[in-house]
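See below for the structure under consideration.
Numbering (full-length UniProt numbering), first residue to last: 1 to 266.
Given below as structure tokens:
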């Protein structure tokens, strides 16, 4: 028992995550390249899907699956990521992954800006209150983005996280755990759907299984032997992703037709 407690609370990975980890893992011909590339591609696709469903739902049903602070948090995080990966590309052999990751972050930023636009035009009463003006909504968004952007950059520097890889996993934890809690608070299936719930469970599985993208690229930091807490968090994340499915099931079914005449998303 004491040995387990010592492992959980008194041990730390002996290696750091460095940009060379990406070059070694994602260079064609290197050992494990194919499985690492496949895992990265699947993880990125799932990451795009969680935001695609967000603006599809708000356009169709007038409600989105995420609270306002998640949009501002991800906007700040992904805007930071554009420059982190672009800097890595310019300074580390113009490695292909860093450029694609920077472009991917730019795409995420575009989707997040779009969702924030929908937040102030379609979801304003729900997210900001019925008496909030457009200026009130924009001011809150700007303030939250500033707070998150500065704080996340401080966290990145204090972690020595040159690739954002340590920080990135927290974006997976939030996206898998919060929507179910938000759904429980709203007590309505509108703004959520079975497809998104399933995607969130898959995100949790892909992010925390023993052969996840993080452990394949930087095993000295993210393997089960070197970082037990990573997998403890994974179990918690998967639990809440699955719980979100049960919360969705508990809510009253969506109407066959919405007030706007459209069919809701299953």
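Using N, Cα and C, we set each Cβ at its ideal position, and we do this for glycine too.
*Over the uninterrupted alpha helix (DSSP H) stretch that includes residue 237, give me the two end residues.*
From DSSP, the alpha helix (DSSP H) with residue 237 extends over 228 to 250.
*Whose C-alpha, out of 108, 18 and 85, is nearest the C-alpha of residue 171?*
108
*Residue from 242, 190, 93 and 17 whose Cα sits closest to the Cα of residue 156*: 17
*How many Å lie between residue 65 and residue 50 at the Cα?*
10 Å
*Give a single yes or no on whether residue 155 has its beta carbon closer than 7 Å to a heavy atom of the ligand MG.*
Among the components of this structure there are no ligands whatsoever, and the ligand MG is therefore not found.
*Beta-carbon separation of residue 19 and residue 114 under 8 Å?*
no
_Extract the residue ranges of the alpha helix (DSSP H) inside the stretch 60 to 138, only unbroken runs of 4 or more that lie entirely within it._
68 to 91, 96 to 121 and 124 to 128
*Figure out for me which residue from 159, 189 and 143 has the closest Cα to the Cα of residue 76.*
The option with the nearest alpha carbon to residue 76 is 143.
*asked:* Just verifying my parser: in three-state terms, what is the DSSP assignment at residue 223?
replied: Reduced to three states, the DSSP call for residue 223 is coil.
*Contact check, residue 43 vs residue 206 under 8 Å by CB: the rounded distance?*
Sure, about 5 Å apart at Cβ, within 8 Å.
*Cα separation between residue 166 and residue 78?*
Whole-angstrom Cα-Cα distance: 14 Å.
*Apart from the five residues just before and just after residue 240, which ones in its own chain have a Cβ nearer than 7 Å to its Cβ?*
The residues are 176, 177 and 180.
*Whose C-beta lies closer than 8 Å to the C-beta of residue 188 among residues of the same chain, with five residues either side of it excluded?*
63, 251 and 252
*Would you mind reading off the limits of the alpha helix (DSSP H) that contains residue 161?*
Unbroken run through residue 161: none, as it is neither H nor E.
*Just confirm the distance between the C-beta atoms of residue 238 and residue 192, as a whole number of angstroms; I'd bet it's less than 8 Å.*
Incorrect: roughly 18 Å between the Cβ atoms, too far for contact.
*Would you call the stretch 83 to 91 and the stretch 121 to 140 in contact, with 3 or more CB pairs under 8 Å?*
Contact between the stretch 83 to 91 and the stretch 121 to 140 is absent, because fewer than three Cβ pairs lie under 8 Å.
*asked:* So residue 33 and residue 27 are supposed to be a Cβ contact under 8 Å. How far apart are they, rounded?
replied: 7 Å
*Coil, strand or helix - residue 14 by DSSP*: coil
_Own chain residues within Cβ distance below 8 Å of residue 30, not counting five before or after_ = 24
*Whole-angstrom Cβ separation of residue 36 and residue 141, contact assumed at under 8 Å?*
About 37 Å separates the two Cβ atoms, so there is no contact after all.
*Buried/exposed call for residue 81, threshold 16 Cβ in 10 Å*: Its Cβ being crowded by 16 or more others within 10 Å, residue 81 is buried.
*State buried or exposed for residue 227, treating a residue as buried only when at least 16 other CB atoms are found within 10 Å of its CB.*
buried
_Close Cβ partners of residue 102 (< 7 Å) along its chain, the five nearest in sequence each way excluded_ = 82, 85, 86 and 89
*With DSSP run on the structure shown, which of helix, strand or coil describes residue 34?*
helix
*Count the other CB atoms, across all protein chains shown, that sit within 10 Å of the CB of residue 163; report buried if there are 16 or more and exposed otherwise.*
buried
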